[in-house]
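Q: Quick one: the structure is below, and I'll ask about it shortly.
Numbering (this note's numbering), first residue to last: 1438 to 1802.
This is the structure we're talking about:
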């Protein structure tokens, strides 16, 4: 029996790795260990509770006012001790977080093979997103096994010289999570408040958007809400105090907009399902919302998910107020454009990614 350690530390990672944990535990060929770093704390625990995943190890690295230096050093030293004690045969990490990169590096230092879930996403721009683009490229160098969500991601890995026999296209595990979280007849007071309106669901927290770009994003959203009487918006706001300060400056007093605390993952997925249009600078939402038939405006200058743009489920707006405003206005006024985006085929898989990962690992290990 092979010992597989699955490591994650943030809420987005947990959403996409808990389905992998549950699937891997179905196999008689693996002993599955779960390690969380606690890069996020309260938001991480919400996801663990929903999927009923109990960590075997918890680094609890989150501290008030932490920066990338703090996270990196704490995760690296903590993972050293855990990996030396547990001696796994494989470490699975996800995506592009500091937790994922540093955990992969710790495994590499101890000569433990690394598997990278959601491998091969690229913008080729180290400053966008920062530091995520470096993290995922760095993990790609360290990893032995690469689980690419799309054919384009596989091509990116091949162009970097990754061995073809160690790349598996699986789809995205975030789609797997929706099977657990989205429920018919879901009820929430926000949905009662938004009844008989077109609901915009907003997320904005990206590090490189802090400052002027985020001011412009929020100004565009406020213009839209004030211009269209049948539009309401909900913004589950990030914990980052800088994000909260900018939101207060630009959105305070805006009628028909609710700024609410972060939601549990099941609440948020059901909110996406009830929304009319999604505006985000996030990554995972670019995969989740199209699975629910929701057009997505990506408030960034680059995206590591070009497949969604090519398929027509996403539109990259940049961060300028005028561009975001115009793109949103077009979707609210042009029913045919809205229908085209909402009915486009989702290129990110069919909800079987975790199973494909398990079956492939059973073969190669």
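Even for Gly, the Cβ is constructed at its ideal location relative to N, Cα and C.
What would DSSP say about residue 1782, mapped onto helix, strand or coil?
A: The answer is coil: DSSP assigns residue 1782 none of H, G, I, E or B.
Q: Work out the CA separation of residue 1680 and residue 1649 for me, nearest whole Å.
A: Taking the straight line from one Cα to the other gives about 11 Å.
Q: Taking the alpha carbon of residue 1509 as the point to measure from, which residue in 1673, 1535, 1499 and 1493 has its own alpha carbon closest?
A: The option with the nearest alpha carbon to residue 1509 is 1535.
Q: Is it a yes or a no for the region 1745-1764 touching the region 1677-1697, going by three-plus beta-carbon pairs under 8 Å?
A: Counting Cβ pairs under 8 Å, fewer than three are found: no touch.
Q: Mind listing, in chain order, the continuous alpha helix (DSSP H) runs of no fewer than 4 residues lying wholly within the region 1573-1659?
A: Entirely contained in the region 1573-1659, the alpha helix (DSSP H) runs reaching 4 residues are, in chain order, 1588-1596, 1610-1618 and 1626-1630.
Q: May I have the straight-line CA-CA distance separating residue 1577 from residue 1540, to the nearest angstrom?
A: Distance between the alpha carbons of residue 1577 and residue 1540: 13 Å.
Q: Counting only the same chain and skipping the five closest in sequence on each side, list residues whose C-beta sits under 6 Å from that of residue 1697.
A: Closer than 6 Å at the Cβ level, and outside the excluded window around residue 1697, lie 1673.
Q: Measure the C-alpha to C-alpha separation of residue 1537 and residue 1664 and round it to an integer number of angstroms.
A: Straight-line Cα distance between these residues: approximately 42 Å.
Q: Cutting at 7 Å between CB atoms, please list the residues of its own chain near residue 1638, excluding the five before and the five after it.
A: Only 1671, 1708, 1709, 1712 and 1715 meet the Cβ criterion.
Q: Alpha carbon to alpha carbon, how far is residue 1786 from residue 1461?
A: Distance between the alpha carbons of residue 1786 and residue 1461: 19 Å.
Q: Just to check my reading of the structure: residue 1520 and residue 1556 have Cβ atoms closer than 8 Å, yes? What is that Cβ distance to the nearest angstrom?
A: Contact flag wrong, Cβ pair sits at about 20 Å.
Q: Find the nearest neighbour of residue 1615 within the set 1482, 1455 and 1491, judged by alpha-carbon distance.
A: Of the candidates 1482, 1455 and 1491, the one whose C-alpha sits nearest the C-alpha of residue 1615 is 1455.
Q: Tell me whether the beta-carbon of residue 1745 lies closer than 8 Å to the beta-carbon of residue 1727.
A: Yes; because the gap between Cβ atoms is below 8 Å, this pair is in contact.
Q: From residue 1595 to residue 1561, what does the alpha carbon distance come to, in whole angstroms?
A: Rounded to whole angstroms, residue 1595 to residue 1561 spans 15 Å at the Cα level.
Q: Does the beta-carbon distance from residue 1506 to residue 1472 come in below 8 Å?
A: The answer is no: Cβ separation not under 8 Å.
Q: Residues in the same chain with beta-carbon distance under 8 Å from residue 1630, minus the five sequence neighbours each way, listed in chain order, please.
A: Around residue 1630: 1669 and 1695.
Q: Would you check if the distance between the CB atom of residue 1559 and the CB atom of residue 1770 is smaller than 8 Å?
A: No, they are not a contact pair.
Q: Hey, how far is the Cα of residue 1610 from the Cα of residue 1801?
A: Approximately 20 Å between the Cα atoms of the pair.
Q: Flag this pair as yes or no: are the beta carbons of residue 1466 and residue 1440 separated by less than 8 Å?
A: In this structure, residue 1440 does not lie closer than 8 Å to residue 1466 by Cβ.
Q: If you measure between the beta carbons of residue 1622 and residue 1584, is that distance less than 8 Å?
A: No; because the gap between Cβ atoms is not below 8 Å, this pair is not in contact.
Q: Tell me whether the beta-carbon of residue 1717 lies closer than 8 Å to the beta-carbon of residue 1702.
A: Taking 8 Å as the Cβ cut-off, residue 1717 and residue 1702 do not qualify as a contacting pair.
Q: Quick check: residue 1542 and residue 1579, are their CB atoms within less than 8 Å of each other?
A: The answer is yes: Cβ separation under 8 Å.
Q: What residue range is occupied by the uninterrupted beta strand (DSSP E) comprising residue 1673?
A: Unbroken beta strand (DSSP E) run through residue 1673: 1668-1673.
Q: Within the same chain, show all residues whose beta-carbon is closer than 6 Å to that of residue 1477, passing over the 5 residues directly before and after it, in chain order.
A: Correct list, in chain order: 1447 and 1448.
Q: Closest to residue 1803 by C-alpha separation, out of 1756, 1603 and 1626, would be which residue?
A: Because residue 1803 is not part of the residues shown, which for the chain are 1438 to 1802, the question remains open.
Q: For residue 1458 and residue 1484, which I take to be in contact (beta-carbon distance under 8 Å), what is that distance rounded to the nearest angstrom?
A: Actually they do not touch by this definition, with Cβ atoms about 11 Å apart.
Q: So, with DSSP's three-state summary, where would you put residue 1787?
A: Coil, per DSSP.
Q: Judging by CA-CA distance, which residue of 1784, 1775, 1687 and 1525 is the nearest neighbour of residue 1758?
A: The residue with the shortest Cα to Cα distance from residue 1758 is 1687.
Q: Let me know the alpha helix (DSSP H) ranges lying completely inside the region 1442-1471, each 4 residues or longer, listed in chain order.
A: Listed in chain order, they are 1448-1461.
Q: Do residue 1603 and residue 1624 have their CB atoms nearer than 8 Å?
A: No, the pair does not count as a contact, with Cβ atoms beyond the cut-off.
Q: Which ranges does the alpha helix (DSSP H) cover as unbroken runs of at least 4 residues, wholly within the region 1484-1571, from first to last along the chain?
A: Counting only runs of 4 or more, we get 1505-1523 and 1535-1546.
Q: Alpha carbon to alpha carbon, how far is residue 1799 from residue 1724?
A: Between residue 1799 and residue 1724, the C-alpha separation is close to 27 Å.
Q: I'd like the list of long-range same chain contacts for residue 1721, defined as Cβ closer than 6 Å, with 5 residues on each side in sequence excluded.
A: 1449 and 1611, listed in sequence order.
Q: Near residue 1550, what residues of its chain come up, given a Cβ to Cβ distance below 6 Å and the 5 sequence neighbours on each side ignored?
A: So the qualifying residues of the chain are 1527 and 1581.
Q: Thinking C-alpha only, which one of 1692, 1547 and 1504 is nearest residue 1525?
A: Checked all of 1692, 1547 and 1504; the closest Cα to residue 1525 is 1547.
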